[in-house]
Structures are given as structure tokens and as C-alpha cells.
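In my numbering, the protein residues as written are 5 to 151. All C-beta atoms, glycine included, are put in the ideal place defined by N, C-alpha and C.
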Amino acid sequence: MDKENYRFYIKVCATLGISPTIIRDELTTVFGYEAPSCATVARWAQWFREGREEIEDEARPGRPVTETTDEHIEQICDAINDGPYVIIEELQENTGLSHETIHRIISDHLKLKKLTTRYIPKYLTASQRAERVRTYKENLAKFEQGT
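Quick look at the structure:
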């Protein structure tokens, strides 16, 4: 769920007079660890009670991000799919993008994180976790048997 949807829910609940703690509890019940923090819910609820109408972020000062294009995202995605053990420095050499841009693409756009030198999805579904556990147990059994 994207942040605009969370904010819309917060806006509706805040307008109805529901406390930020209850709003946060409801979001956590449905979305778990993906739900916004209690401080974030309280901040947005206060802004909506004070009359804010927009649920989108306001424009921020400074230079806009120009290197995070669909082409660059695709390029980084292909490189990681070709070799999940690739490091950011190699991606920098191959693409000419900055370390920060590559990290932003990997974590924010591709929703990946590095775990033991390999990129994997940030959030696994229950079936994906179960499949990984099953595979690890199979491999461990083979290792212990010496095959």
C-alpha cells in the first residue's frame, strides 16, 4: 500500500475524531510492519485536523532527483537479476550512477535489501518463507549426509 492510501485513511479517521493511537493500531493490524509509525500517524492526523486537505507530499526545496529514471531502474534491475551478488561499486562502474542513486533504486524502487552479499526481496510472503526454509533443510540434510 502506498503512503497516499495510508494518509487518506488517516484523514478519514482523524476527521471522525479517532485518536492517532487507535488509527495506528488498526493500520498495524491490517498491514503489520509496513504500517506508518505512531509518530507519523499522529503528525498527519494533526495536520488534517488543522485543515490540511492534500494527502500528497508538498514540493521540497533543492535539486530534484534526475538520475532515478525508468531506464536506470531497469538497468540496475537487469544487473542484479544477472548476478545477485553484485556490489554497488560494480554497478557504479557499469552505469556511471552515484552510490546514493543506486542505493535509492535498489531499496526504494526495486524493494530489495542485501542479505549475506545477495539481494533479496525486503518482504517475503509466508509461502516464500516456507519454501526457503524447506530448501534450506533439504540442503542441510544433503550436507550432513556428505553428498
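- Around Leu-31, the same chain offers Ala-39 as residues with beta carbons nearer than 6 Å, after the five sequence neighbours per side are excluded.
- Look at the stretch 67 to 132 and you find these whole runs of beta strand (DSSP E), each 3 residues long or longer: 116 to 119 and 122 to 125.
- Residue environment for Thr-105: buried (at least 16 other C-beta atoms within 10 angstroms of its C-beta).
- Across the set Ile-22, Asp-29, Arg-64 and Gln-149, the C-alpha of Ile-22 shows the shortest separation from the C-alpha of Ala-49.
- Collapsing the DSSP output to three states places Gly-150 in coil.
- For the pair of segments examined, the stretch 53 to 66 was found not to touch the stretch 88 to 99: the number of CB pairs separated by less than 8 Å stays below three.
- In the structure shown, Gly-36 falls within a helical segment according to DSSP collapsed to helix, strand and coil.
- Cβ contact annotation for Lys-117 (same chain, cutoff 6 Å, sequence separation greater than five): Lys-126, in chain order.
- For the 8 Å CB-CB criterion, His-76 and Leu-114 do not form a contact.
- By alpha-carbon distance to Asp-29, the top candidate from Val-137, Val-45 and Lys-15 is Val-45.
- Around the beta carbon of Phe-52, a 10 Å sphere encloses 16 or more other beta carbons of the protein chains shown; the residue is thus reported as buried.
- Around the Cβ of Arg-11, a 10 Å sphere holds 16 or more other Cβ atoms; the residue is buried.
- Comparing C-alpha distances from Lys-15 to each of Thr-33, Ile-84 and Glu-60 shows the shortest one belongs to Glu-60.
- If you check the CB distance, Tyr-123 and Ile-80 do not come in under 8 Å.
- Rounded to whole angstroms, the gap between the alpha carbons of Thr-129 and Val-34 is 15 Å.
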